[in-house]
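Residue numbers (UniProt numbering): 1 to 216.
Have a look at the structure below before the remarks.
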């Protein structure tokens with residue numbers, strides 16, 4: 001839960017301490033104890049325990065089984081994924097160029113991790129009509145959001161006017177060897193253009209699968 005109350009004069013120090021504890025867990029590795037964190041930071045153990053309990057409650061840190069220590073939680077993954085800038089190798093760019101030459105719609109390569117979409121390679125001829133923050137703000141109402149929420153059984157999604165009037169979106173998931181969604185091809189264009197995409201969807205999906213080993 002986000003506290004919307006104003007920050008008081010004493011809170012910046014508390015924020016600094018919380019960030020220091022979070023950094024200590026990251027640098028120390030999984031299983032670090034509160035005692036070790038307190039020693040590392042020269043911080044009173046009572047303060048460390050209080051901060052750890054707060055970070056655990058907010059899922060930035062997890063308490064390991066049998067009280068064996070602490071590790072980074074799932075909410076930190078969002079920061080990590082957002083900070084990374086994946087390198088798109090030339091062979092992946094060549095494949096995208098090949099696909100873009102077959103249809104008259106925008107084909108955008110996106111990452112789909114931790115509930116956040118990042119546009120890794122936007123179609124230069126048909127740029128997306130909205131920014132990444134705008135896309136993520138309305139994600140549940142989009143084809144990308146539908147794909148991400150659909151689980152392993154849903155490999156494609158189609159939405160009408162999900163990001164702009166007069167357009168349609170089709171997305172095809174890109175999955176790793178374990179069947180986990182990590183990226184997608186987002187195809188966006190006019191209804192007539194998307195109709196052609198739908199006709200060729202089997203071929204496009206197969207080529208999307210070829211991208212998986214090129215994105216790691």
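For every residue, glycine included, the Cβ atom is placed at its ideal position computed from N, Cα and C.
| Item | Value |
| --- | --- |
| To the nearest angstrom, how far is it from the Cα of residue 162 to the Cα of residue 187? | 12 Å |
| With distances taken Cα to Cα, identify the nearest neighbour of residue 141 among 169, 124 and 49. | 169 |
| For a test of the three-state rule: what should DSSP assign to residue 118, helix, strand or coil? | strand |
| If I'm right that residue 144 touches residue 183 with Cβ under 8 Å, what's the distance once you round it to whole angstroms? | Residue 144 to residue 183, Cβ: 11 Å. No contact. |
| What would DSSP say about residue 91, mapped onto helix, strand or coil? | helix |
| For residue 213 and residue 60, I'd like the C-alpha separation in whole angstroms. | 30 Å |
| Whole-angstrom Cβ separation of residue 79 and residue 105, contact assumed at under 8 Å? | Their Cβ separation, rounded to whole angstroms, is 33 Å, which puts residue 79 and residue 105 out of contact at 8 Å. |
| Would you kindly check if the distance between the Cβ of residue 18 and the Cβ of residue 37 is under 8 Å? | no |
| What's the C-alpha gap between residue 72 and residue 156? | 32 Å |
| Just to confirm my understanding: we take residue 201, look at its own chain, exclude 5 residues before and 5 after, and list those with CB closer than 8 Å. What are they? | 156, 170 and 172 |
| Please report the distance separating the alpha-carbon of residue 56 from that of residue 197. | 45 Å |
| Which residues bound the beta strand (DSSP E) around residue 187? | 181–189 |
| Taking all protein chains shown into account, do 16 or more other C-beta atoms lie within 10 angstroms of the C-beta of residue 159, making it buried, or fewer, making it exposed? | buried |
| Name the one or two DSSP bridge partners that residue 28 has. | Answer by DSSP bridge pairing: none, since residue 28 is not bridged. |
| Going by the DSSP bridge assignment, what does residue 111 pair with across the sheet? | 118 and 183 |
| Put residue 218 into one of helix, strand or coil per three-state DSSP. | Residue numbering for the chain in the displayed model covers 1 to 216; residue 218 lies beyond these limits and cannot be assessed. |
| In this structure, how does DSSP classify residue 192 when only helix, strand and coil are distinguished? | helix |
| State yes or no: is the C-beta of residue 52 within less than 8 Å of the C-beta of residue 34? | yes |
| With DSSP as the reference, identify every bridge partner of residue 100, one or two as the case may be. | In DSSP, residue 100 forms no bridge with anything. |
| Candidates 46, 150, 190 and 128: which alpha carbon is nearest residue 167's? | 190 |
| Given a cut-off of 8 Å on the beta-carbon distance, is the pair residue 179 and residue 138 in contact? | no |
| Measure from the alpha carbon of residue 204 to the alpha carbon of each residue in 62, 101 and 89, then state which is nearest. | 101 |
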